[in-house]
Structures are given as C-alpha cells and as structure tokens.
Amino acid sequence: GVTRVGIHRGPAIVGNFGGQRFFDYTAIGDTVNTAARLEGANKHIGTRLCVSGPVASSATSFVFRPIGTIFLKGKHEGIEAFEPVSTVAAHPGGEEAYEKAFALMKEGDPAASEAFSLLAETHHEDALIRLQMYRLSHGATSTDIILGEK
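Numbered per the numbering used here, the sequence shown spans residues 959 to 1108.
Next up, the structure:
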C-alpha cells in the first residue's frame, strides 16, 4: 500500500500507559488526533504528506503549497492544510501558477477553473491539481474541503 503521513503540532500527552498486564508507549491528545485525521485526508486529497498550517509556518526551510481549509469529521473549525513541494521535482513556474490559481479559488473567482485547467495541461499527473479541478467542476466556490469520514 501507499504510505501517507499527517503532521500537526501542539501539546500532547506522551509516555508509558497501561498496567501490569498491558504496557504501551504512546501519544494521545487533540494534536495527535488531528495529525491522524490529516493522514487520513491524504487519501481523499490524493497526496502522501499533509501538514497543518502551524507546521507549514514554522518549517521555514521547506516549500509548501496550499491544499485548502479541511473540515475534519468531529471538528468544529477547519484547519489550513499544505503539501510539501520538492524543489527538485517542481516544474518550472508550476508552483507560482498553482499559487495564483489557488488564490483565485480562495476568492471565489470563476477564473480559477480555467487557471487550474491550464495547469493540468502541463501537470496532468498532479493529483492535487486534478482534485481542485474536480471540486470546481462540481460547484466548489471556495478552498473549503469538508471530509465526512475519519
């Protein structure tokens, strides 16, 4: 299978839990839960690595592209999600064009559909571009992504 990773940052309880019959070193808390949900979101989004806004803003030596505001099942607020971009694998001008198309989508501008279509012509294997095109063709008018499963 495909390995997918979700990364979030914040407080968590980490340590040995259990008793005499069962003992486990683990991490628990909302931060861990959110990271696990971001991991699951990868399958819907078509990415392998999904990081939260707090992670993207603190990891200054990496380049990220926005995915959207993901509303995870059981959560009342959305979380900004990003995909790390390999500068080696990036197509010339592709990330800048993606950022512009994403900004149009975020503003609710109908021109976002054409911008993503043009991107898809040269980046046809990019799952995130295909997702954004699919969402726009099915009536999405924002960067909000509502996930109905954990």
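For every residue, glycine included, the Cβ atom is placed at its ideal position computed from N, Cα and C.
Ignore the nearest five residues each way along the sequence and tell me which others in residue i's own chain have a CB closer than 6 Å to its CB.
i	result
Ala1069	Leu1062
Val1009	Ile965, Phe1040
Phe1060	Pro1024
Leu1007	Val963, Pro1042
Just to confirm the assignment, what range does the alpha helix (DSSP H) spanning residue i have?
i	result
Glu1057	1052-1065
Just curious, the beta strand (DSSP E) that residue i is in, first and last residue?
i	result
Thr961	Neither: Thr961 is in no beta strand (DSSP E) and is coded neither H nor E.
Leu1018	Rather than Leu, the amino acid found at residue 1018 in this sequence is Thr. Unbroken run through Thr1018: none, as it is neither H nor E.
Leu1007	1007-1010
Helix, strand or coil for residue i, going by three-state DSSP, please let me know.
i	result
Glu1041	strand
Phe980	coil
Arg1023	strand
Leu1105	coil
Ser1100	coil
Leu1077	helix
Leu1094	helix
Around the C-beta of residue i, are 16 or more other C-beta atoms found within 10 angstroms, so that it is buried, or is it exposed?
i	result
Ile1003	buried
Leaving out the 5 sequence neighbours to the left and right, which residues in its chain are closer than 7 Å to residue i when beta-carbon positions are compared?
i	result
Val972	Ala985
Gly1106	Lys1031
Go through its chain and collect everything with a Cβ distance to residue i's Cβ below 8 Å, but skip five positions before and after it.
i	result
Pro1095	According to the sequence shown, residue 1095 is Ser rather than Pro. Here the set comprises Ser1071.
Tell me whether residue i counts as near the ligand FMN, meaning its Cβ is closer than 7 Å to at least one heavy atom of that ligand.
i	result
Phe1020	Among the components modelled here there is no ligand, and therefore nothing to report on the ligand FMN.
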